[in-house]
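Structural data, given as structure tokens:
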């Protein structure tokens with residue numbers, strides 16, 4: 003849910019993200035397809051305070067940002083194909099964006115959680131990335147996570 007009460011739905015099969023206002027049954031497409039401004043196998047969505055929509059675009063190995071009122075999305079992370087390099091996201095899933103614009107994403111394909119600081123092209127691995135497994139420094143296809151603020 004967005005702060006304004008809008009509901010955002012990722013439709014994996016249609017490769018789109020729709021926004022529904024209270025009482026609407028059709029909604030509007032805020033992102034979709036498979037070109038630069040489109041999607042392939044979207045997995046997760048996050049809406050920030052500015053109503054920008056961040057999408058984990060699994061089929062295109064990237065994270066996209068669709069700003070309110072813009073016709074074309076922007077690549078904010080990944081888009082370097084499959085692989086295990088620090089700029090690659092073979093299967094991005096869950097994501098969170100903090101108040102500073104830092105993007106956190108689960109990289110299911112490399113079993114790690116990564117962080118992109120605003121304005122930086124290379125990512126840092128927060129945890130995982132040591133192959134698939136059951137040890138304390140390994141994940142087995144992480145999907146979602148939560149970041150809690152200190153109070």
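In the working numbering, the protein residues as written are 3 to 153.
Glycine residues also receive a C-beta, built at the ideal position from the N, C-alpha and C atoms.
Residue burial annotation: residue 30 is exposed, with fewer than 16 other C-beta atoms found within 10 angstroms of its C-beta. A distance below 8 angstroms between beta-carbons, with the five flanking residues on each side excluded, links residue 100 to the following residues of its chain, in chain order: 106 and 149.
Every unbroken stretch of the beta strand (DSSP E) spanning 3 or more residues and falling wholly within the stretch 61 to 95 is given here in chain order: 64 to 68 and 76 to 80. DSSP places residue 110 in the helix class (H, G or I) of the three-state scheme. Proximity to residue 102 across 130, 52, 40 and 90 peaks at 52, based on C-alpha coordinates. The beta-carbon separation of residue 19 and residue 44, rounded to 6 angstroms, stays under the 8 angstroms limit for a contact.
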